[in-house]
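**Student:** As you go down the protein sequences, you meet chains A and P in turn.
Numbered continuously in this note's numbering, the first sequence closes out at residue 293.
Numbered continuously in this note's numbering, the second sequence closes out at residue 1293.
Got a structure here, written out as C-alpha cells. Questions coming.
There are 2 protein chains.
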Amino acid sequence: MDTRHMRYFVALAETLHFGHAAARMNMSQPPFSRQIAAIEKTLGARLFERNSRNVALTAAGRHFLEECRAVLERFDAACRDVQLVASGVKGELKLGFMMNAAYSVVPALVRLYSEKRPDVRLVLEERIPTDIEEMLIEGRLDAAVTFGGSPATHLRTTLLARDRLRLIVPRDHRLAKLEIAGPTDLASERLIAAPASVTPTLRDAIRNYCASPGVVPHFALEPRLQHTIIRLVAEGLGIALIPQSLCADLAEGLVSRPILDAPEFDIVLCASAASSNPAVPALFEVAERLGGG
Amino acid sequence: MDTRHMRYFVALAETLHFGHAAARMNMSQPPFSRQIAAIEKTLGARLFERNSRNVALTAAGRHFLEECRAVLERFDAACRDVQLVASGVKGELKLGFMMNAAYSVVPALVRLYSEKRPDVRLVLEERIPTDIEEMLIEGRLDAAVTFGGSPATHLRTTLLARDRLRLIVPRDHRLAKLEIAGPTDLASERLIAAPASVTPTLRDAIRNYCASPGVVPHFALEPRLQHTIIRLVAEGLGIALIPQSLCADLAEGLVSRPILDAPEFDIVLCASAASSNPAVPALFEVAERLGGG
DNA sequence: CCATTTCATACCTCTGAGGTATCGATCAGC
DNA sequence: GCTGATCGATACCTCAGAGGTATGAAATGG
Chain A
1 MDTRHMRYFV
11 ALAETLHFGH
21 AAARMNMSQP
31 PFSRQIAAIE
41 KTLGARLFER
51 NSRNVALTAA
61 GRHFLEECRA
71 VLERFDAACR
81 DVQLVASGVK
91 GELKLGFMMN
101 AAYSVVPALV
111 RLYSEKRPDV
121 RLVLEERIPT
131 DIEEMLIEGR
141 LDAAVTFGGS
151 PATHLRTTLL
161 ARDRLRLIVP
171 RDHRLAKLEI
181 AGPTDLASER
191 LIAAPASVTP
201 TLRDAIRNYC
211 ASPGVVPHFA
221 LEPRLQHTII
231 RLVAEGLGIA
241 LIPQSLCADL
251 AEGLVSRPIL
261 DAPEFDIVLC
271 ASAASSNPAV
281 PALFEVAERL
291 GGG
Chain P
1001 MDTRHMRYFV
1011 ALAETLHFGH
1021 AAARMNMSQP
1031 PFSRQIAAIE
1041 KTLGARLFER
1051 NSRNVALTAA
1061 GRHFLEECRA
1071 VLERFDAACR
1081 DVQLVASGVK
1091 GELKLGFMMN
1101 AAYSVVPALV
1111 RLYSEKRPDV
1121 RLVLEERIPT
1131 DIEEMLIEGR
1141 LDAAVTFGGS
1151 PATHLRTTLL
1161 ARDRLRLIVP
1171 RDHRLAKLEI
1181 AGPTDLASER
1191 LIAAPASVTP
1201 TLRDAIRNYC
1211 ASPGVVPHFA
1221 LEPRLQHTII
1231 RLVAEGLGIA
1241 LIPQSLCADL
1251 AEGLVSRPIL
1261 DAPEFDIVLC
1271 ASAASSNPAV
1281 PALFEVAERL
1291 GGG
C-alpha cells in the first residue's frame, strides 16, 4: 500500500466505475482492476461490492475512503509545504530578545516581519543577554535582539538601534533637581544594577562611568531584570542608570534625567551563522530597514 | 513520493545515519541513499545537510518529519482499521427507532450493544414508523426498532418485546373509577391518537378495538407523537389508548387502566437484508438475547 | 437472442527499486 | 603528516512488479 494505491482507491470510490476511474488515473482498465484487487488482498477486506454490472462501496470501503482523503490531503500539503519552508516563506522562527528591547525595537521588528512572512510562526523568548548568547550558539534560538559588541563566535549581526544610559531617581530625590547629572553626582549614592553575569554590557558601562573620577561605585542591590530595578528605585532603595528606551513611561514618583557623556551601546539583531533556518534572512532584511531608518 | 519514501525519510531523520537507517529498512545503504536523493529531488528542496561525516536535518526536513509522522500514523491506522470495520468490530451503525420504543427496549439494546461493540459508533435516529420503513429500504438506516408485522420488502426481523394497548385518562375522569375498561366504555369519548400515516399499526389496532361493538370511534385530535398525546390527555382534551410501555411514569393528574382483551403488537428489530453493514449481525445477536429473555 | 457494456484474466514489456563493488572525502590515532 | 577506518555517493547489474494489449465472462437492454 502506498499513496498511489490510495489515489486509485479514491478514484474508484468516487466514480464507481473501473473504466472511468482508470482513465482519471491515466491508465487502462485491466491494470487498474488488478491494483484494486491487490489493495483488497493486502488490506484483507473487501472495499467494493461488485459484479460485472455494478460497483458499490462496502462499509469498510466507506470508512477507508474518509481516511484516504484525509491522509492524501495532508500528504499533498506536506509535499507542497516543503519548498515553502525551504525558501523561508513558511515555518517557524525562534526569536530571543532581552527585556529592555521589548519596549523599543522588538514590537516594530515583529510587526514588519509578520507582514513580510505571515506564514512563519514567530516564537518569542524573553531572556537575559548571557542566556541569549548561549542559546544562539547552541542553536536553540534562530536569532535574537540583544546588545552589540559581543565578541561571540561567528554571529551575523546588524544594527537595530542605539541606546544610551539615563539616570532614574525618585521624584523627591536630591538629584531630581538637576537638569543633567555627572559621574561625581553619583559617587555617594546607592546604585542598583543587574550583575555582570546577566548583562555584562550594561554593567561594565555603568561601572566605567561611575569609576571615571576614581570613585568606586556602591552597588546596593543587584536584581536580574531591568523592571525590578525600576521598581526598587521607585521604593526609594537607591538610584539607577538604565537604558533610555526604558524611561518612556515611568511609574508615578519616578523621574529620569540625562547624564553627561552618557555611555552608548548598540542594540542589534544577531543570528548564529550556523543557523540554517531559511526564515532568518527575511528577518535581517526587515532589521536593516529598521536600523537604516 | 509514496509511503515507502516517507518511511525511508523518517528512518534517516531519526538515526541521522544512512547505514543504520538502511538497515532499519532492511536494505543496503547505496539504494537507500539514492531514494533519499530522489525524495529531495522530487520535493525540490534539501531535507538533510550532509557531508561524508555528518547528517543533519534542515528546517524543511524538520517540518517534513512532523508531517510524515502524522501522515504515516494515520495511514497505518486506516489500513489496520479496514479489517476491523469489515468484521463489524469498528465502524458506525445508524439505528432508527420510534419514540415509544425509546422507553422500553432501546436503552437496553443500546447498552448491550455498546458493551459488545464499544468501537462501533451508534447513530440514533428517532423517527415515526412510516419514515423508519422508508429509510430502511433506502439504506439510510442500517437497522431500526419498530412495530412488527410490516409486510415490507426483504427485512430481516427479530422479536424484541410484546406490548399492548392501555387506557390513559385524567385522574378525575369518570373512567378513572373503573378497574378495567372495555370497548363500550370508550364509545362516547373523545379519542386522541396518531394518524395512520404515522403509525398504521397503532391506529388500526385502536380503530378495530373501538369499532368492535359497532360504534364508530370519535378521533378528536391527531398529533404525530405519543408524548404529545399524553400531554393533551393531561390537559383534559380527551382520552387515549397508548402502548403500555409508555405508562410507566405518567405525569401528575393522569392515571392508566388496563383494557379488556387489549390488542397486542410486536416490537421488533429489523434491518434491510440488503444492508451490508457488518456491524449489524452483532446487533441481532444482542436483540435475540433480549427477545428471548 | 444478439449487441453492448463492464469487470476479470492471460500474457507481454519495461521501468525502477534494490544489490554488489567501489570511489572519494573526512577524521582519529600514531 | 601519513594511514586506516568510516561513511556517503556513484556505477553497473538484476529482477519484481506496474502498466499495456488482447480477450474472456457475466449481465443488461432492445
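Note that beta-carbon positions come from the ideal geometry of N, C-alpha and C, so glycine has one too.
Using the Cα positions of Pro-1258(P) and Val-1268(P), report the straight-line distance between them to the nearest angstrom.
**Tutor:** Within the second sequence, the letter at position 258 stands for residue 1258(P). Within the second sequence, the letter at position 268 stands for residue 1268(P). Computed Cα separation, rounded: 23 Å.
**Student:** Pick from Val-55(A), Thr-199(A) and Pro-195(A): whose alpha carbon is nearest that of Phe-219(A)?
**Tutor:** Along the first sequence, one-based indexing puts residue 219(A) at 219. It is Pro-195(A).
**Student:** If distances are taken between C-alpha atoms only, which option among Asn-208(A), Gly-96(A), Pro-31(A) and Asp-261(A) comes closest to Glu-125(A)?
**Tutor:** To locate residue 125(A), count along the first sequence from 1; it is residue 125. Per the Cα distances, Gly-96(A).
**Student:** If you measure beta-carbon to beta-carbon, which residues of the segment 1085–1111 of chain P are closer than 7 Å to chain A?
**Tutor:** Taking 7 Å as the Cβ-Cβ cut-off against chain A, the residues of the segment 1085–1111 of chain P that qualify are Val-1085, Ala-1086 and Gly-1091.
**Student:** How about Ala-59(A): is its C-beta nearer than 8 Å to some C-beta of chain P?
**Tutor:** The sequence position of residue 59(A) within the first sequence is 59, counting from 1. With 8 Å as the cut-off, Ala-59(A) counts as an interface residue toward chain P.
**Student:** So Glu-1049(P) is in the beta strand (DSSP E); what residue range does that whole segment cover?
**Tutor:** One-based indexing of the second sequence puts residue 1049(P) at position 49. Where Glu-1049(P) is concerned, the enclosing beta strand (DSSP E) stretches over 1048–1050.
**Student:** Cutting at 8 Å between CB atoms, please list the residues of its own chain near Ala-1181(P), excluding the five before and the five after it.
**Tutor:** Start at 1 with the first residue of the second sequence, and residue 1181(P) comes out as number 181. Cβ neighbours of Ala-1181(P) beyond the five flanking positions: Leu-1167, Leu-1175, Arg-1257, Pro-1258, Ile-1259 and Leu-1260.
**Student:** Going by alpha carbons, who is nearest to Gly-1238(P) out of Cys-1079(P), Ser-1245(P) and Ile-1230(P)?
**Tutor:** Within the second sequence, residue 1238(P) is the residue found at index 238, counting from 1. Comparing Cα-Cα distances from Gly-1238(P) to each of Cys-1079(P), Ser-1245(P) and Ile-1230(P), the minimum goes to Ile-1230(P).
**Student:** By DSSP, does Thr-58(A) sit in helix, in strand, or in coil?
**Tutor:** For the purposes of this step, residue 58(A) is taken as residue 58 along the first sequence, with counting starting at 1. Thr-58(A): coil per DSSP, three-state reduction.
**Student:** How would you list, in chain order, the residues of chain P whose beta-carbon sits under 9 Å from the beta-carbon of Pro-278(A)?
**Tutor:** By one-based count along the first sequence, residue 278(A) stands at place 278. In chain order: Thr-1058, Ala-1059 and Ala-1060.
**Student:** Would you list, in chain order, the members of the segment 1015–1048 of chain P that have their beta-carbon closer than 7 Å to a beta-carbon of chain A?
**Tutor:** Flagged, chain order: Leu-1043, Gly-1044, Ala-1045 and Arg-1046.
**Student:** On the DSSP bridge assignment, give the partners of Gly-1096(P) in chain order.
**Tutor:** Residue 1096(P) sits at position 96 when you count from the first residue of the second sequence. In DSSP, Gly-1096(P) forms a bridge with Glu-1125(P) and Ala-1144(P).
**Student:** Beta carbon of Arg-203(A), beta carbon of Ala-187(A): below 8 Å?
**Tutor:** Counting from 1 along the first sequence, the entry for residue 203(A) is found at position 203. Counting from 1 along the first sequence, the entry for residue 187(A) is found at position 187. No, Cβ-Cβ distance for Arg-203(A) and Ala-187(A) is not below 8 Å.
**Student:** Along the chain, where does the alpha helix (DSSP H) that runs through Leu-1112(P) open and close?
**Tutor:** Translated into positions along the second sequence, residue 1112(P) becomes position 112. Start and end: 1105–1116.
**Student:** If you check the beta carbons only, do Glu-67(A) and Arg-1074(P) fall under 8 Å apart?
**Tutor:** Within the first sequence, numbered from 1, the residue matching residue 67(A) stands at position 67. Within the second sequence, numbered from 1, the residue matching residue 1074(P) stands at position 74. Yes. Within cutoff.
**Student:** If you run the structure through DSSP and keep just helix, strand and coil, what is Val-268(A)?
**Tutor:** Here the question's residue 268(A) lines up with position 268 in the first sequence. Here Val-268(A) sits in strand by DSSP.
**Student:** Grab the span of the alpha helix (DSSP H) containing Ile-206(A) for me, first residue to last.
**Tutor:** Taking the first residue of the first sequence as 1, we reach residue 206(A) at position 206. Start and end: 200–211.
**Student:** Alpha carbons only, please: which of His-17(A), Leu-16(A), Ala-59(A) and Leu-246(A) is nearest the one belonging to Gly-1139(P)?
**Tutor:** Taking the first residue of the second sequence as position 1, residue 1139(P) is located at position 139. Closest option to Gly-1139(P), Cα to Cα, is Ala-59(A).
**Student:** With 16 other CB atoms within 10 Å as the buried threshold, where does Lys-1177(P) fall?
**Tutor:** Taking the second sequence and counting its residues from 1, one reaches residue 1177(P) at position 177. Exposed is the call here.
**Student:** Going straight from the alpha carbon of Asp-76(A) to that of Met-1006(P), what length do you get?
**Tutor:** One-based indexing of the first sequence puts residue 76(A) at position 76. One-based indexing of the second sequence puts residue 1006(P) at position 6. One C-alpha to the other measures close to 12 Å.
**Student:** Starting from Ser-256(A) and walking both ways along the beta strand (DSSP E), at which residues does that stretch end?
**Tutor:** As a working mapping, residue 256(A) is identified with position 256 in the first sequence. Taken as a continuous stretch (DSSP letters only), the beta strand (DSSP E) holding Ser-256(A) covers 254–257.
**Student:** With respect to the alpha helix (DSSP H) encompassing Asp-1185(P), which residues constitute its N-terminal and C-terminal limits?
**Tutor:** As a working mapping, residue 1185(P) is identified with position 185 in the second sequence. Its alpha helix (DSSP H) spans residues 1183–1186.
**Student:** Roughly how many whole angstroms lie between the Cα atoms of Asp-2(A) and Ala-1056(P)?
**Tutor:** For the purposes of this step, residue 2(A) is identified with residue 2 of the first sequence, where counting begins at 1. For the purposes of this step, residue 1056(P) is identified with residue 56 of the second sequence, where counting begins at 1. For Asp-2(A) and Ala-1056(P), the distance between alpha carbons rounds to 27 Å.
**Student:** Using C-beta distances below 8 Å, list every residue in its chain close to Asp-1185(P), excluding the 5 sequence neighbours before and after it, in chain order.
**Tutor:** Residue 1185(P) sits at position 185 when you count from the first residue of the second sequence. So the list reads Leu-1175 and Leu-1178, once near-sequence residues are dropped.
**Student:** Which of the three DSSP states, helix, strand or coil, is assigned to Ile-1180(P)?
**Tutor:** Counted from its first residue, the second sequence places residue 1180(P) at position 180. Reduced to three states, the DSSP call for Ile-1180(P) is coil.
**Student:** Express the C-alpha separation of Val-1145(P) and Val-1286(P) in angstroms, rounding to a whole number.
**Tutor:** Taking the first residue of the second sequence as 1, we reach residue 1286(P) at position 286. Taking the first residue of the second sequence as 1, we reach residue 1145(P) at position 145. Using only the alpha carbons, I get a separation of about 13 Å.
**Student:** My assumption, with CB atoms under 8 Å, is that Asp-1266(P) sits in contact with Arg-1162(P). Please give the rounded CB distance.
**Tutor:** For the purposes of this step, residue 1266(P) is taken as the residue at position 266 of the second sequence. For the purposes of this step, residue 1162(P) is taken as the residue at position 162 of the second sequence. Indeed they touch by this definition, with Cβ atoms about 6 Å apart.
**Student:** Would a C-beta distance cut-off of 8 Å place Val-105(A) and Leu-290(A) closer than the cut-off?
**Tutor:** Here the question's residue 105(A) lines up with position 105 in the first sequence. Here the question's residue 290(A) lines up with position 290 in the first sequence. Yes, the pair counts as a contact, with Cβ atoms nearer than the cut-off.
**Student:** Grab me the residues of Leu-1084(P)'s own chain with a C-beta within less than 6 Å of its C-beta, minus the 5 sequence neighbours each way, in chain order.
**Tutor:** Numbered from 1 along the second sequence, position 84 holds the residue referred to as residue 1084(P). These residues qualify, in order along the chain: Lys-1090.
**Student:** Could you say which of Phe-1018(P), Asn-1051(P) and Ser-1245(P) lies nearest to Gln-1035(P) if we only look at CA atoms?
**Tutor:** Translated into positions along the second sequence, residue 1035(P) becomes position 35. Taking only the C-alpha atoms, the option nearest Gln-1035(P) is Phe-1018(P).
**Student:** Under 8 Å by Cβ, that's how I've got Leu-93(A) and Val-280(A) pegged, so tell me the actual separation to the nearest angstrom.
**Tutor:** For this step, residue 93(A) is matched to residue 93 along the first sequence. For this step, residue 280(A) is matched to residue 280 along the first sequence. Contact holds; Cβ gap of about 7 Å.
**Student:** Distance, Cα to Cα, Tyr-1103(P) vs Gln-1226(P)?
**Tutor:** Against the second sequence, residue 1103(P) aligns to sequence position 103. Against the second sequence, residue 1226(P) aligns to sequence position 226. Cα to Cα, Tyr-1103(P) sits roughly 12 Å from Gln-1226(P).
**Student:** Taking 8 Å as the cut-off, decide whether the C-beta atoms of Tyr-1209(P) and Leu-1141(P) are in contact.
**Tutor:** Start at 1 with the first residue of the second sequence, and residue 1209(P) comes out as number 209. Start at 1 with the first residue of the second sequence, and residue 1141(P) comes out as number 141. No.
**Student:** Based on Cα-Cα distance, which residue from Leu-1241(P), His-1173(P), Pro-1129(P) and Pro-1223(P) lies nearest to Pro-1200(P)?
**Tutor:** If you number the second sequence from 1, residue 1200(P) lands on position 200. Comparing Cα-Cα distances from Pro-1200(P) to each of Leu-1241(P), His-1173(P), Pro-1129(P) and Pro-1223(P), the minimum goes to Pro-1129(P).
**Student:** Return the chain-ordered list of same chain residues with a C-beta closer than 7 Å to the C-beta of Phe-32(A), the five sequence neighbours on each side being excluded.
**Tutor:** Numbered from 1 along the first sequence, position 32 holds the residue referred to as residue 32(A). Tyr-8, Phe-18, Ala-21, Ala-22 and Met-25.
**Student:** Can you round the beta-carbon distance between Val-169(A) and Val-82(A) to whole angstroms, since I take them to be within the 8 Å contact cut?
**Tutor:** What you label residue 169(A) is simply residue 169 of the first sequence in a count that begins at 1. What you label residue 82(A) is simply residue 82 of the first sequence in a count that begins at 1. The pair is not a contact, with the Cβ atoms about 57 Å apart (cut-off 8 Å).
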